[in-house]
Amino acid sequence: MSHHDLMLVIKRRRERDHLTQMDMAKVIGVSRRHYVRCESGKAELKLSQFVDAMKFLNITYLDLALDLLNLKPVMACDVAAAARTLSAAARKSLVEFMMKNHHDRKKVN
């Protein structure tokens, strides 16, 4: 997996959301010219800029990984279907984890 592969995922998500390269450049604090060079593989973003791009596009590391594998994003119904295969104790642990994660995210925001 290269930086360019990661940028292709960002580009596809940007286009899906009907955002311009200028929109992205402003959010992550680079010039449009530099951002265009990053999307074309001629330059690279700093990790912090890449993370800012992901936040702006509202994508997670899991979304990024699934996109790199050309898989559809995981939906709530996918999680529910997978959870049905778990034992009762595992389902309980999963729900507890998800609720704790939700609570922790609310504290950060």
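Residue numbering for the sequence shown follows the working numbering, beginning at -10 and increasing consecutively.
C-beta atoms are modelled at their ideal positions from N, C-alpha and C, and glycine is treated no differently.
Note that the structure is a prediction, hence the values are computed from the model and not measured.
**Request:** Could you check the C-alpha separation between L46 and R3 for me, to the nearest Å?
**Result:** 7 Å
**Prompt:** Quick check: the region 72 to 84 against the region 22 to 37, are there 3 or more CB pairs under 8 Å?
**Reply:** no
**Item:** Beta-carbon proximity list for D(-6), same chain, < 7 Å, skipping 5 on both sides
**Value:** L57
**Item:** Sequence-distant residues of its chain with Cβ nearer than 7 Å to L75 (five each side left out)
**Value:** L83
**Prompt:** Straight-line CA distance for V19 to K96?
**Reply:** 30 Å
**Request:** Using a threshold of 9 Å, state whether the C-beta atoms of M(-4) and L34 are closer than that.
**Result:** yes
**Message:** Rounded to whole angstroms, what is the Cα-Cα separation between A71 and L51?
**Reply:** 16 Å
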